[in-house]
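One structure below.
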Amino acid sequence: MIDLHAIHQDLHAGLLKLRDLDDYTRRQYVNWRFSCRRRRRRAARREERNDGSDS
1 MIDLHAIHQD LHAGLLKLRD LDDYTRRQYV NWRFSCRRRR RRAARREERN DGSDS
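The C-terminal residue of the sequence shown carries number 55 in this note's numbering, and the numbering is unbroken.
The following block contains the structure:
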């Protein structure tokens with residue numbers, strides 16, 4: 001199991017570059033980041049809808 005969160009922290013701190021990762025790990029990381037973003041956006045949209053329906 002790849003620790004994607006640790007990789008993310010290292011990338012953010014500048015200790016690691018995406019090009020330093022092997023293809024498999026990079027693909028896993030990019031998919032993980034994409035799904036995290038999508039989940040957050042979905043939750044934000046759900047919140048907006050809930051705010052509007054109360055009034």
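All C-beta atoms, glycine included, are put in the ideal place defined by N, C-alpha and C.
Fair warning: this is a prediction, and the values are worked out from it, not measured in the lab.
Cβ neighbour criterion (16 or more within 10 Å) applied to I2: Position 2 of the sequence shown, counted from the first residue, corresponds to residue 2. Exposed: under 16 other Cβ atoms inside 10 Å.
Sequence-distant residues of its chain with Cβ nearer than 7 Å to D20 (five each side left out): As a first step, residue 20 is located in the sequence shown; it is residue number 20 there, counting from the start. Excluding residues within five positions, none has a Cβ falling inside 7 Å.
For L15 and L4, the rounded distance between their alpha carbons: To locate residue 4, count along the sequence shown from 1; it is residue 4. To locate residue 15, count along the sequence shown from 1; it is residue 15. C-alpha separation (whole angstroms): 14 Å.
Contacting residues, own chain, Cβ-Cβ under 8 Å from D10 (five flanking each side not counted): Mapped onto the sequence shown, residue 10 falls at position 10. Contacts found: L16.
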